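Data first, discussion second: the structure below is written as structure tokens.
Numbering (the UniProt record's numbering), first residue to last: 1 to 213.
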């Protein structure tokens, strides 16, 4: 009901973002949520019998939570298969505090960009209401949510800011992948330095990630 009568731009199932500029109507669609919030209808696009992304439940449920969490500021939910973030889920314990802390250490800007940390789910079958509900629950607390061995969800006010959020985390993950391939960290950003960073930029780091030694 929170999204009733709201229009959304959605990507098509099985479509590739690189093809959007070549044929927007075939790869995107504008859908409007029905007045009872229980369904949708297509206003434009999704030609040739295309259908919206199979992750529509996760997108819409996440929208509901981010609208509440940000008082309507966040308007974009983006899902992608970020290579290095996925790789980390194979070698790090799938724990919100640990993965958040490592990403903060991987690049100085990360704590400033996502001080609320990165939520992470257990592995779940994609395209289901269950994974949508679990993602939305994490979106109550985090603007980034990792799906182990699969991908990431990000939330933000605009497409640019949401892409930038995911890209910042992905670049840090790339640095970490290289670090681990070279034998691991010899030194890193300390807890005290992370606290100082948060104070300088006026953000409050996720407490349980910042207390790790």
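Backbone N, C-alpha and C define an ideal beta-carbon position, used for all residues, glycine too. From a predicted model like this one, the values you see are computed outputs, not experimental measurements.
Q: Measuring only between beta-carbons, confirm whether residue 69 sits less than 8 Å from chain C.
A: Looking at the structure shown, chain C is missing, and only one protein chain is on hand.
(Q) Which residue marks the beginning of the beta strand (DSSP E) containing residue 132, and which one marks its end? (A) Premise fails: residue 132 lies in the alpha helix (DSSP H), 129 to 139, not in any beta strand (DSSP E).
Q) Considering only residues of the segment 60 to 122, which uninterrupted alpha helix (DSSP H) runs meet the minimum length of 4 residues and lie entirely inside it, listed in chain order? A) Segments of the alpha helix (DSSP H) lying fully in the segment 60 to 122: 83 to 91, 96 to 106 and 109 to 113.
(Q) Using CA atoms only, rank isn't needed, just tell me which of 140, 112, 105 and 148 is closest to residue 187. (A) Distance check between residue 187 and each of 140, 112, 105 and 148 places 105 closest, using alpha-carbon atoms only.
Q | residue 56 versus residue 100: straight-line alpha-carbon distance, rounded | A | If I take the Cα positions, the gap works out to 26 Å.
Q) Got a sec, what are the start and stop residues for the beta strand (DSSP E) residue 46 sits in? A) DSSP places residue 46 in no beta strand (DSSP E); its state is neither H nor E.
**Q.** Residue environment, residue 120, which counts as buried when at least 16 other CB atoms sit within 10 Å
**A.** By the neighbour-count rule (16 or more Cβ atoms within 10 Å), residue 120 is buried.
Q. Excluding the five sequence neighbours on either side, which residues of its own chain have a C-beta within less than 8 Å of the C-beta of residue 95, listed in chain order?
A. So the list reads 120, once near-sequence residues are dropped.
Q | Exposure label - residue 71; buried when at least 16 CB within 10 Å | A | Result: exposed.
Q | DSSP-derived helix/strand/coil call for residue 11 | A | In this structure, residue 11 counts as strand in the three-state DSSP scheme.
Q. What do you reckon, are the CB atoms on residue 98 and residue 176 nearer than 8 Å?
A. No; because the gap between Cβ atoms is not below 8 Å, this pair is not in contact.
Q: With a 10 Å radius around its C-beta and 16 neighbouring C-beta atoms as the bar for buried, classify residue 61 as buried or exposed.
A: Under a 10 Å Cβ-count criterion, residue 61 is classified as buried, with 16 or more other Cβ atoms of the shown protein chains found around its own Cβ.
Q. Relative to the alpha-carbon of residue 220, which residue among 210, 172 and 12 has its alpha-carbon at the smallest distance?
A. Outside the displayed range of the chain (1 to 213) lies residue 220, so it cannot be described from this structure.
Q: Using three-state DSSP, classify residue 179 as helix, strand or coil.
A: Here residue 179 sits in helix by DSSP.
Q: Report the partner residues of residue 52 according to the DSSP bridge assignment.
A: According to DSSP, which records beta bridges pairwise, residue 52 is partnered with 12.
Q: With a 10 Å radius around its C-beta and 16 neighbouring C-beta atoms as the bar for buried, classify residue 156 as buried or exposed.
A: With 16 or more other Cβ atoms inside 10 Å of its own Cβ, residue 156 counts as buried.
Q.
Buried or exposed for residue 19, going by 16 or more other Cβ atoms inside 10 Å?
A. When all chains shown are included, residue 19 counts as exposed.
(Q) So, for residue 174: in the same chain, excluding its five sequence neighbours on each side, which residues have a beta-carbon less than 6 Å away from its beta-carbon? (A) Hits under 6 Å: 84.
Q: Check whether the Cβ atoms of residue 67 and residue 151 lie closer than 8 Å to each other.
A: No; because the gap between Cβ atoms is not below 8 Å, this pair is not in contact.
Q. How is the beta strand (DSSP E) around residue 32 delimited, first residue to last?
A. Per DSSP, residue 32 is one residue of the beta strand (DSSP E) stretching across 28 to 33.
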